[in-house]
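Below: one structure, written as structure tokens.
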Amino acid sequence: MYIRRLITRRTTAGETYSSYRLVESRREGGRVRQVTLLNLGSHFDVPETQWPLLCLRLSQLLGQQGVLVPTDVPEAVETTAQALAARFVARSLIEPMPAEFVEVDVASLELVQPRTVGVEQVGLYALAQLQFDPLLQSLGINTLTRSMIIAQVVGRMAAPGSERATWDWLNERSALAELLDLTLPERSIMRLYRAADVLVKHQTVIESRLFARVQDLFDLSATVSLFDLTNTYFEGAVAGNPKAKRGHSKEKRTDCPLLTLGLVLDSSGFVRRSRVLAGNAVEGRTLAGMLKDLDTPAGALVVMDRGIATEANLAWLREQGYRYLVVSRERTRVAPAGDTTVTTAGGEAIRVEKVLDEAAGEVRLYCHSPGRELKEIGISQRFGERFERGLEKLADGLTKPRGAKRPELIHERIGKLKQTCLGAAQHYAVTVDTNAEQSLVTAIRWQKTPMLGSMLTEPGVYCLRSNETAWNEERLWRTYMMLTDLEAVFRSLKSELGLRPVYHAKEERGDSHLFITVLAYQCVQLVRHQLRAKGIDLSWRSLRDLLCMQQRVTARFKQKNGRTLHVRKATQPEPKLKSIYDALGIDPLPGGMKKRVN
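Number 91 in this note's numbering belongs to position 70 of the sequence shown; there are no gaps in the numbering.
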């Protein structure tokens with residue numbers, strides 16, 4: 022067994038590159054023939070001086086040599102030898118495994134090459150349900166690129182991170198390459214990046230067909246659209262991406278450029294359309310473009326939060342024949358009258374009052390939540406106390422030798438204090454007294470005067486606004502509560518599926534990173550939707566923890582005849598994991614059994 026370097030000339034540019042083969046000499050009749058055992062690719066980076074040691078170690082792992090394991094094998098050589106040995110075992114598939122009994126030395130048992138397989142199995146199942154591979158094939162994408170795209174989507178479900186992190190996961194911790202029949206050591210990470218480039222070019226078609234498939238699977242109605250935006254941040258300067266702009270970061274990363282992701286979802290939480298926008302995109306200016314791109318049918322109900330529910334957007338929705346349900350942007354709070362209530366899933370009674378505005382063709386649903394009231398009372402108290410402490414500190418400084426006393430500086434600091442106390446200052450009348458020359462502040466006085474119709478005086482109160490005037494109070498309230506599911510989507514994208522941060526400098530690479538995350542979310546949503554129908558309602562993080570327990574391992578024995586038996590198989594699933602497989606109708610032993618005798 023030895024390694025051979027082959028020189029290949031590129032026909033277009035006339036350049037040459039090297040590729041590597043693991044070769045074995047075999048005698049057939051009266052001739053010696055060289056047989057290629059494995060293609061090592063063009064990125065084989067083991068130094069030539071270590072090739073003999075690598076071949077020796079590989080022979081030992083495969084049981085072809087009876088010598089002791091050398092103690093001075095470098096880590097890179099040992100890692101490569103283990104990976105190549107695993108590829109040898111994977112080449113021999115016996116399915117189903119015939120009954121066979123052999124005598125082995127039990128003390129020689131070794132369990133090697135553990136790789137996770139549970140998330141990978143469920144991810145491939147979800148993509149198969151979505152008919153994702155046939156969709157990519159219909160777009161003219163070749164086999165290898167399709168496999169690389171699928172690997173990135175499943176990788177984002179299993180180990181959220183950058184494309185570099187996905188590549189490391191594929192090579193070092195996952196059995197996905199084995200399930201996809203990918204020989205990764207022959208491939209470069211650039212295959213992963215180029216596959217993402219191909220994927221994002223077909224984004225519109227892919228999203229449209231995937232949502233149509235979801236509608237067929239779950240018989241979904243397309244009458245409700247949930248719309249919202251979030252943003253993620255870049256690590257690095259990203260001067261080559263025109264969308265990377267500084268704006269209001271929802272993760273408080275004001276030091277980084279941002280990208281904005283806009284999503285339109287249906288009432289079941291599946292993504293109908295996504296779009297990557299500049300980091301400084303204004304929420305209220307994105308609605309029309311997204312709904313037009315989506316071809317949302319006239320008469321559909323659009324649910325959105327107050328950041329997007331501008332008067333201009335509502336007027337546009339009415340002109341286009343859409344219905345809408347939004348949180349009112351009116352600053353004055355009005356508590357509901359009467360005893361009409363809606364009960365939440367948690368048993369909380371929400372007091373509601375529906376008021377019809379016939380002139381405007383709208384209804385307003387005034388709501389009061391006891392749970393929200395307690396939360397807002399705490400917020401008002403905390404920021405009110407912070408504002409008063411800040412004023413006391415400024416007042417105390419007037420009596421100290423080096424304390425701030427100049428009027429312009431005092432007013433500046435009061436202004437900054439108002440900004441940090443999130444609206445608490447509106448409830449205080451602050452007076453700054455100065456000396457006769459108005460050069461020094463002599464006293465700071467304040468009096469708390471709660472503003473009527475505010476969070477402080479009407480805690481727990483909010484108002485919904487809609488042009489769907491025929492609905493009753495409960496239907497209006499429950500429909501709007503779907504928007505809380507969208508907030509859960511963004512939390513899942515960011516915390517569970519690696520939406521943030523983005524490391525790419527190129528615009529198309531940043532877009533593809535976000536699109537891969539959206540595709541991973543579609544798969545997660547499909548799996549959770551089907552499991553909920555079977556009584557299993559777990560977050561993806563909890564499901565992933567269960568799925569990651571299962572691994573594929575290779576058991577290696579010495580046989581009585583001196584040969585080495587290699588058997589590769591998935592571990593038996595634990596009862597909780599088995600219940601997930603049963604609910605989805607998935608094979609509990611992914612990858613089958615593979616055997617090789619050397």
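Cβ atoms here follow ideal geometry from the backbone N, Cα and C, with glycine treated the same way.
Asked                                                                                                    : Found
Given Cys484 as reference, the closest of Gln468, Met502, Trp467 and Thr470 once Cα atoms are compared   : Met502
Residue from Met476, Ala216 and Pro155 with nearest C-alpha to Val165                                    : Reading off the sequence shown, one finds Leu at residue 165, where the question assumed Val. It is Ala216 whose Cα lies nearest to the Cα of Leu165.
Entirely enclosed beta strand (DSSP E) segments - the stretch 182–270, minimum 3 residues                : 245–254
Beta bridge counterpart(s) of Met325 as assigned by DSSP                                                 : Phe248 and Val347
Rounded straight-line distance, which links the Cα of Ala233 to that of Leu148                           : 14 Å
Assigned secondary structure, Ser295 (DSSP; H/G/I helix, E/B strand, else coil)                          : strand
Residues bridged to Lys579 (per DSSP)                                                                    : Asp126 and Thr585
Start and end residues, beta strand (DSSP E) containing Thr538                                           : No beta strand (DSSP E) contains Thr538, which is instead part of the alpha helix (DSSP H) from Glu528 to Ala554.
Rounded separation between Gly439 and Ala445 - CA only                                                   : Checking the displayed sequence, the identity of residue 439 turns out to be Lys instead of Gly. Roughly 7 Å separates the two Cα atoms.
For Leu220, the nearest candidate out of Leu157, Thr362, Ser209 and Leu568 (CA to CA)                    : Leu157
Cβ shell of Gln426 (< 7 Å), same chain only, five flanking positions each side left out                  : Contrary to the premise, residue 426 reads as Lys rather than Gln in this sequence. If we look at Lys426 and ignore the five residues flanking it on each side, its Cβ neighbours are Leu419, Leu461 and Val462.
Minimum C-alpha distance to Gly176 - residue among Gly161, Ser159, Gln150 and Leu213                     : Leu213
First through last residue of the alpha helix (DSSP H) which encompasses Thr500                          : Glu494 to Tyr501
Nearest residue (CA-CA) to Ala464, options Thr505, Leu415 and Tyr38                                      : Leu415
Sufficient close CB pairs (3 or more, under 8 Å) joining the stretch 555–573 to the stretch 298–314      : no
Counterpart residues of His389 in DSSP-defined beta bridges                                              : Arg372 and Val482
With 16 other Cβ atoms within 10 Å as the buried cut-off, status of Arg51                                : One detail in the question is off: residue 51 reads as Gly in this sequence, not Arg. Under this definition Gly51 is an exposed residue.
Val140 - containing alpha helix (DSSP H), residue span                                                   : Gly139 to Gln150
Classification of Gln81 by the beta-carbon crowding that lies within 10 angstroms, buried from 16 upward : buried
Contacting residues, own chain, Cβ-Cβ under 7 Å from Ser631 (five flanking each side not counted)        : No statement about residue 631 is possible, as the shown extent of the chain runs from 22 to 619 and does not include it.
Contact set for Ser209: own chain, Cβ-Cβ below 6 Å, skip 5 residues either direction                     : His64
Three-state class that DSSP yields for Glu1 in the structure shown                                       : Since the displayed the chain opens at 22 and closes at 619, residue 1 lies outside it and no answer follows.
For Tyr524, three-class secondary structure by DSSP                                                      : coil
6 Å Cβ shell around Ser46 - same chain, five flanking residues per side excluded                         : Val53 and Gln55
Local Cβ density within 10 Å of Thr253, reported as buried at 16 or more and exposed below that          : buried
Residue nearest to Leu477 in terms of C-alpha spacing, selected from Phe536, Glu406, Lys527 and Val373   : Glu406
The beta strand (DSSP E) enclosing Val618, as first and last residue numbers                             : Lys615 to Val618
Distance between Gln546 and Met118 (C-alpha atoms, nearest Å)                                            : Residue placement at Met118 cannot be trusted, given a pLDDT of 49 that sits under 50; the coordinates are not used to answer.
Closest by C-alpha distance to Leu247, when choosing among Leu201, Ser295 and Arg496                     : Ser295
Buried versus exposed call for Leu79 [16 or more other C-beta atoms within 10 Å across all chains shown] : buried
Buried or exposed by the 16-neighbour rule on C-beta atoms within 10 Å, applied to Thr275                : exposed
Leu165 (DSSP reduced to helix, strand or coil)                                                           : helix
Ser563 - containing alpha helix (DSSP H), residue span                                                   : Trp561 to Leu568
Host beta strand (DSSP E) of Thr455 (start-end)                                                          : Tyr449 to Thr455
Among Gln447, Pro428, Ser390 and Glu379, the one whose alpha carbon lies nearest that of Phe404          : Gln447
CB contact flag (Leu286, Ser487, <8 Å)                                                                   : no
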